[in-house]
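Have a look at the structure below, then the notes.
Residue numbers (this note's numbering), protein chains in the order written: chain A, 1 to 40; chain B, 1 to 528.
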């Protein structure tokens with residue numbers, strides 16, 4: 001997959017930067033942990 | 001740029017997923033599920049099928065009939081096609097190919113003399129990556145899915161963060177010292193050897209620097225983090241990533257075979273994989289391939305892997321000093337700023353989850369790998385829905401069976417533990433449990449006696465439901481990430497690993513893999 005196929009992100013991520021991707025992963029994990037804590 | 005494409009495939013895949021979930025729910029798949037032995041996955045087949053299928057149907061309809069305009073909604077929703085594509089491959093692999101391969105492995109065992117599915121590690125993780133590689137190289141990833149495939153690394157990172165929930169402080173304190181010592185030796189050693197080799201073979205300093213970070217620390221992200229410090233060109237980063245991925249893929253297939261051949265335990269293999277394999281994704285792949293039906297190996301490997309990532313600031317600092325020394329007139333770089341801007345935040349997420357788990361909110365704080373000891377009356381004498389007390393204490397006939405064989409036990413600590421068990425009808429401490437597990441393993445008693453001890457063991461050992469849920473979620477995030485990772489391994493990226501970087505990277509990689517194997521076999525026992 002060539003990088004020029006996408007005008008946002010890179011060939012490895014849809015997010016603008018690795019840091020942005022890290023924060024999305026962190027947010028997702030916190031939401032999942034909260035749901036597991038409350039409902040399991 | 002508008003990303004949404006007028007394709008029916010997202011809708012079709014959604015319909016397939018929902019139809020499959022419904023078939024499982026209605027019992028139409030019962031014969032197939034029974035044949036493949038996937039009964040315990042029936043619940044997740046329905047939940048995941050309906051959830052992903054429903055989203056794919058909604059987005060597929062929107063893609064087909066709505067007019068897309070450039071913007072965030074178009075950009076992010078258009079990734080759903082690729083995500084659904086990866087999940088569909090993951091479903092086929094995890095619920096179809098994996099159990100089928102296990103059946104074929106057993107069937108061919110008498111003819112071949114060995115179970116090829118076990119020996120070749122043909123489980124859902126390895127087959128998922130292979131499926132990804134086959135799709136991208138033989139058929140190409142469909143254009144409508146390419147955008148979404150770029151979310152696979154997010155899946156891996158989320159899986160790593162959630163993995164923190166499985167650790168408790170007491171556990172890490174024991175493993176931590178060993179991982180820091182082992183990783184320290186091998187990370188710093190590998191970086192030093194690459195820098196020395198690069199100078200000997202006259203590689204550009206920028207190439208050597210980025211390769212050293214990639215081979216020494218945690219693969220692709222370390223290479224990317226170190227690149228601005230040594231002012232690496234994009235082709236040099238590509239060479240390094242190609243080398244790391246190719247070597248990592250080879251290791252991912254070879255490590256589990258060698259580990260099983262040497263009869264390594266979960267902790268030993270986890271320590272070796274976490275130290276010797278160059279890239280985080282392949283560490284997870286090898287650990288899951290070694291132990292597909294459990295997560296103990298993955299946990300140990302990730303502790304070593306995370307320890308390795310924590311060395312990144314030190315390596316970045318070292319490389320910066322090394323580069324500035326070698327490159328007269330190199331542009332001045334703010335090292336603190338580079339570390340602050342490049343340090344992978346998801347590692348901090350892992351530590352956050354680990355801290356939360358250590359407080360005891362997901363399982364009793366003293367839990368070990370999600371399992372914990374509890375012999376309180378609340379657990380041992382549970383009242384069911386009809387108000388009847390369900391006792392988990394040993395019955396009189398169990399006690400009689402043990403008393404009849406008590407004379408076979410000669411060790412004082414074992415005798416004392418058995419006496420306490422007989423007196424209280426339940427195991428009184430973790431130490432007593434461990435002591436009597438030793439009696440079972442040594443086969444001192446008859447099978448009937450061992451069965452009673454095992455019954456007593458199971459009555460006081462529990463797995464926290466929250467941790468069990470985290471395990472399932474982590475396995476799915478990794479499966480998703482690894483199938484997507486396979487779809488990014490093209491022949492072109494493998495060819496990029498040719499030449500000098502491949503030679504140096506491979507030599508150092510082999511030294512690291514063999515060296516860490518020897519050290520792990522000598523230093524790591526299953527009892528730490």
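We put the CB at the ideal spot given by N, CA and C, even for glycine.
Please read these numbers as outputs of a predicted model, since none were measured by experiment.
Could you tell me the boundaries of the alpha helix (DSSP H) in which residue 457(B) lies?
One-based indexing of the second chain puts residue 457(B) at position 457. Looking at the DSSP string, the run of the alpha helix (DSSP H) that includes residue 457(B) is 447 to 460.
Cβ-based contacts, 7 Å cut-off: residues of the stretch 26 to 38 of chain A near chain B:
26, 28, 29, 32, 33, 36 and 37
Would you call the stretch 18 to 31 of chain B and the stretch 10 to 27 of chain A touching, i.e. three or more CB-CB distances under 8 Å?
no
Starting from residue 76(B), follow the alpha helix (DSSP H) in both directions and report where the run begins and ends.
The residue given as residue 76(B) occupies position 76 in the second chain. That run of the alpha helix (DSSP H) goes 72 to 77.
Given this structure, state the Cα-to-Cα distance separating residue 13(A) from residue 515(B), to the nearest angstrom.
Locating residue 13(A) in the first chain gives position 13, where the first residue counts as 1. Locating residue 515(B) in the second chain gives position 515, where the first residue counts as 1. Roughly 34 Å separates the two Cα atoms.
Can you give me the Cβ contacts of residue 426(B) inside the same chain, cut-off strictly under 8 Å, excluding the 5 residues immediately before and after it?
On the second chain, residue 426(B) is found 426 positions in, with the first residue counted as 1. Result list for residue 426(B): 375, 380, 392, 393, 394, 456, 459 and 460, in chain order.
For residue 535(B), which residues from the same chain have a beta carbon less than 8 Å from its beta carbon, with the 5 sequence-adjacent residues on both sides left out?
Beyond the ends of chain B as shown, which are 1 and 528, falls residue 535(B); an answer cannot be given.
Where do the ends of the alpha helix (DSSP H) carrying residue 480(B) lie?
Here residue 480(B) corresponds to residue number 480 of the second chain, with the count starting at 1. Its alpha helix (DSSP H) spans residues 465 to 486.
Does the beta-carbon distance from residue 145(B) to residue 85(B) come in below 9 Å?
As a position in the second chain, residue 145(B) is number 145, starting the count at 1. As a position in the second chain, residue 85(B) is number 85, starting the count at 1. It is a contact, given that the beta carbons lie within the stated cut-off.
Any C-beta of chain A under 9 Å from that of residue 488(B):
Along the second chain, one-based indexing puts residue 488(B) at 488. So, interface residue.
For the stretch 247 to 260 of chain B, which residues have a CB atom closer than 7 Å to at least one CB atom of chain A, in sequence order?
none
Contacting residues, own chain, Cβ-Cβ under 7 Å from residue 3(A) (five flanking each side not counted)
One-based indexing of the first chain puts residue 3(A) at position 3. The pLDDT assigned to residue 3(A) is 46, lower than 50, so where the model puts this residue is not dependable, and the model offers no usable value.
DSSP three-state assignment for residue 383(B), whether helix, strand or coil
Reading the second chain from its first residue, position 383 is the one you call residue 383(B). Three-state DSSP puts residue 383(B) in a strand.
Determine, using beta carbons only, whether residue 346(B) comes closer than 9 Å to chain A.
As a position in the second chain, residue 346(B) is number 346, starting the count at 1. By this cut-off, residue 346(B) is an interface position.
Report the neighbours of residue 161(B) on chain A: residues whose CB is nearer than 7 Å to its CB, in chain order.
Numbered from its first residue, the second chain carries residue 161(B) at position 161. Result: 25, 26 and 29.
What residue from 500(B), 519(B), 520(B) and 510(B) has the CA that sits closest to residue 202(B)'s CA?
Stepping through the second chain from its first residue, residue 202(B) is reached at position 202. For the residues 500(B), 519(B), 520(B) and 510(B), the minimum Cα distance to residue 202(B) belongs to 500(B).
Does DSSP classify residue 223(B) as helix, strand or coil?
Position 223 of the second chain, counted from the start, is the residue given in the question as residue 223(B). Three-state DSSP puts residue 223(B) in a helix.
For residue 311(B), which three-state DSSP category applies?
What you label residue 311(B) is simply residue 311 of the second chain in a count that begins at 1. It is coil, neither helix nor strand.
Just checking my contact of residue 149(B) with residue 82(B) at CB under 8 Å: how many whole Å lie between their CB atoms?
In the second chain, the residue the question calls residue 149(B) occupies position 149. In the second chain, the residue the question calls residue 82(B) occupies position 82. Sure, about 5 Å apart at Cβ, within 8 Å.
Can you tell me where the alpha helix (DSSP H) holding residue 213(B) begins and where it ends?
In the second chain, counting from the first residue as 1, residue 213(B) sits at position 213. Where residue 213(B) is concerned, the enclosing alpha helix (DSSP H) stretches over 205 to 216.
Would you tell me roughly how many angstroms separate the C-alpha atoms of residue 91(B) and residue 40(B), rounded to the nearest one?
By one-based count along the second chain, residue 91(B) stands at place 91. By one-based count along the second chain, residue 40(B) stands at place 40. Approximately 14 Å between the Cα atoms of the pair.
Under the DSSP definition of a beta bridge, which residues are partnered with residue 63(B)?
Position 63 of the second chain, counted from the first residue, corresponds to residue 63(B). Answer is none; residue 63(B) lacks a bridge partner.
What residue ranges within the stretch 133 to 193 of chain B form continuous alpha helix (DSSP H) runs of no fewer than 4 residues, ordered along the chain?
143 to 149 and 152 to 163
So that I know if they touch, is there some Cβ in chain A lying closer than 9 Å to that of residue 371(B)?
Taking the second chain and counting its residues from 1, the one referred to as residue 371(B) is at position 371. Closer than 9 Å: no.
Extent of the continuous alpha helix (DSSP H) run through residue 25(B)
By one-based count along the second chain, residue 25(B) stands at place 25. Counting along the chain, the alpha helix (DSSP H) containing residue 25(B) begins and ends at 9 to 26.
Apart from the five residues just before and just after residue 205(B), which ones in its own chain have a Cβ nearer than 7 Å to its Cβ?
Translated into the one-based positions of the second chain, residue 205(B) becomes position 205. Excluding positions up to five away in sequence, the list reads 230, 323, 326 and 327.
Backbone secondary structure at residue 429(B) - three-state DSSP
Indexing the second chain from 1 puts residue 429(B) at position 429. The answer is coil: DSSP assigns residue 429(B) none of H, G, I, E or B.
Hey, does residue 6(B) have any beta-carbon neighbour from chain A nearer than 9 Å?
Stepping through the second chain from its first residue, residue 6(B) is reached at position 6. Output row for residue 6(B): interface = no.
Contact set between residue 9(A) and chain B, taken where Cβ atoms lie within less than 7 Å:
For the purposes of this step, residue 9(A) is identified with residue 9 of the first chain, where counting begins at 1. Within chain B, the residues near residue 9(A) are 150.
Look at the alpha carbon of residue 527(B) and the alpha carbon of residue 19(B), and state the distance between them as a whole number of angstroms.
Looking up residue 527(B) in the second chain gives position 527. Looking up residue 19(B) in the second chain gives position 19. Because residue 527(B) carries a pLDDT of 48, less than 50, the predicted location of this residue cannot be relied on, and no value is offered for it.
Across which residues does DSSP place residue 389(B) in a beta bridge pair?
Against the second chain, residue 389(B) aligns to sequence position 389. In DSSP, residue 389(B) forms a bridge with 383(B).
DSSP on residue 434(B), reduced to helix/strand/coil?
Along the second chain, one-based indexing puts residue 434(B) at 434. Looking at residue 434(B) - three-state DSSP - the assignment turns out to be helix.
Could you work out which residues of chain A lie near residue 15(B), taking near to mean beta carbons separated by less than 7 Å?
The residue you call residue 15(B) lines up with position 15 of the second chain. Residues of chain A passing the Cβ test: none, with the nearest at roughly 25 Å.
Just to confirm the assignment, what range does the alpha helix (DSSP H) spanning residue 202(B) have?
In the second chain, counting from the first residue as 1, residue 202(B) sits at position 202. Segment: none, residue 202(B) is in no alpha helix (DSSP H) and carries neither H nor E.
Below 8 Å CB to CB, which residues in the same chain sit around residue 430(B) once its five sequence neighbours on both sides are set aside?
Along the second chain, one-based indexing puts residue 430(B) at 430. So the qualifying residues of the chain are 373.
Please identify the residue among 518(B), 56(B), 189(B) and 88(B) whose C-alpha is closest to the C-alpha of residue 14(B).
As a first step, residue 14(B) is located in the second chain; it is residue number 14 there, counting from the start. Ranking the options by Cα distance to residue 14(B), first place goes to 56(B).
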